[in-house]
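The structure appears below as structure tokens.
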Amino acid sequence: EAGVAQSPRYKIIEKRQSVAFWCNPISGHATLYWYQQILGQGPKLLIQFQNNGVVDDSQLPKDRFSAERLKGVDSTLKIQPAKLEDSAVYLCASSLTGGPIYEEQYFGPGTRLTVT
Amino acid sequence: GEDVEQSLFLSVREGDSSVINCTYTDSSSTYLYWYKQEPGAGLQLLTYIFSNMDMKQDQRLTVLLNKKDKHLSLRIADTQTGDSAIYFCAESIASGTYKYIFGTGTRLKVLA
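So the sequences go chain by chain: G and P. Position in the first sequence counted from 1, then plus 82, gives you my numbering. Residue numbers are given in my numbering: position 54 of the second sequence equals residue 44, and the series is strictly consecutive.
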């Protein structure tokens, strides 16, 4: 089966500019996650969708970050305006149902964002 | 609180065993995981253990869980140069759907 797809793979922008990332989860996966991974750190959950509804966005900086998952399939994550500290790899992951029985979370290759 | 900690670096010689350690704070973890991340790639699930187990073995990988001390370890037997990567410990906490907390990662360097 095809994996989680993300684009672009790399993006360089200046601070105060806007940027958007796209994620296409594995077909049929109800749960979609966006993580931020700053260099030298582990992934930090930004937002979790169950179908097209938000389950957890407690760590999403809502003054500048937004995400949507229209029709419960693809998702976009937007940053507007970007700050230097937003430089990170943005990882998308999906899982079949989100729980409660064990299931694997599949990760995409990530989008590396550099804010100058 | 939710916190997962790991040592930052580990260096071993090819053929030796590697042991990567992790401590976590949330006792309500349902599953604990080990992921591998190679340069420029996403995270790859290596193995996981259910929180009511003490040990799990999967080929060269052995996971040990000490629930009392909230300590998780990953042992890689006969470490190869292809094992060089960053290893992340993670826990999932069931609150409706699973919430995943990742550690800071341990960079494993295997010397030929």
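We put the CB at the ideal spot given by N, CA and C, even for glycine.
Asked, Found
"Considering only their Cβ atoms, is the gap separating Gly72 of chain P from Glu(-5) of chain P smaller than 8 angstroms?", "no"
"Is it buried or exposed, Thr69 of chain P, if we count other Cβ atoms within 10 angstroms and call 16 or more buried?", "buried"
"Just to confirm my understanding: we take Cys12 of chain P, look at its own chain, exclude 5 residues before and 5 after, and list those with CB closer than 6 angstroms. What are they?", "Gln(-4), Leu62, Cys79, Gly93"
"Please return the same chain residues whose Cβ sits closer than 7 angstroms to the Cβ of Ala84 of chain P, not counting the five positions on each side in sequence.", "Thr20"
"Determine, using beta-carbon pairs with one atom in the region 96 to 114 of chain G and one in the region 162 to 181 of chain G, whether at least three such pairs fall under 8 angstroms.", "yes"
"Could you compute how far the alpha carbon of Gln141 of chain G sits from the alpha carbon of Arg65 of chain P?", "32 angstroms"
"Below 7 angstroms on C-beta distance, what does Glu150 of chain G contact in chain P?", "What Glu150 of chain G touches in chain P: nothing, since even the nearest Cβ is about 18 angstroms away."
"Comparing the C-beta of Lys57 of chain P with each C-beta of chain G, is any distance below 8 angstroms?", "no"
"Would you kindly work out how many angstroms separate the C-alpha atoms of Ser7 of chain P and Ala67 of chain P, rounded to a whole number?", "5 angstroms"
"What separation, rounded to the nearest whole angstrom, lies between the Cα atoms of Glu167 of chain G and Glu4 of chain P?", "37 angstroms"
"Where Ser148 of chain G and Glu186 of chain G are concerned, what is the direct C-alpha to C-alpha distance, given to the nearest angstrom?", "26 angstroms"
"Just reading off the beta strand (DSSP E) that Asp48 of chain P is part of, what are its end residues?", "45 to 48"
"Against Gln123 of chain G, what residues of chain P qualify as contacts under a CB-to-CB distance less than 8 angstroms, listed in chain order?", "Thr94, Gly95"
"Return the Cβ separation of Tyr188 of chain G and Gly122 of chain G in integer angstroms, given the expectation that the two are a contact with Cβ distance under 8 angstroms.", "So it is not a contact: roughly 24 angstroms between Cβ atoms."
"Can you check the region 103 to 142 of chain G for any beta strand (DSSP E) of at least 3 residues that lies completely inside it and give the ranges in chain order?", "113 to 119, 126 to 132, 135 to 138"
"For Tyr23 of chain P, which residues of its own chain have a beta-carbon under 6 angstroms away from its beta-carbon, when the five flanking residues on both sides are left out?", "Tyr38, Ala80"
"Measuring CA to CA, which of P:Ser1, P:Lys57, P:Tyr77 is closest to Tyr25 of chain P?", "P:Tyr77"
"To be precise: take each residue of the region 89 to 113 of chain G, compare its Cβ to all Cβ atoms of chain P, and keep it if any distance is under 7 angstroms. Which residues remain?", "Thr113"
"Looking only at its own chain, which residues have a Cβ that is under 7 angstroms from the Cβ of Ser74 of chain P, when we skip the five neighbours before and after it?", "Leu98, Lys99, Val100"
"Since Phe78 of chain P meets chain G, which of its residues come closer than 8 angstroms, beta carbon to beta carbon?", "Gly124, Pro125"
"With C-beta atoms as the reference, is Tyr14 of chain P less than 8 angstroms away from Lys60 of chain P?", "yes"
"Using a cut-off of 8 angstroms between C-beta atoms, extract the partners of Lys89 of chain P located in chain G.", "Leu127, Gln130, Asp138"
"Following the continuous beta strand (DSSP E) through Lys99 of chain P, name the residue where it begins and the one where it ends.", "96 to 101"
"What residue range is occupied by the uninterrupted beta strand (DSSP E) comprising Thr37 of chain P?", "33 to 40"
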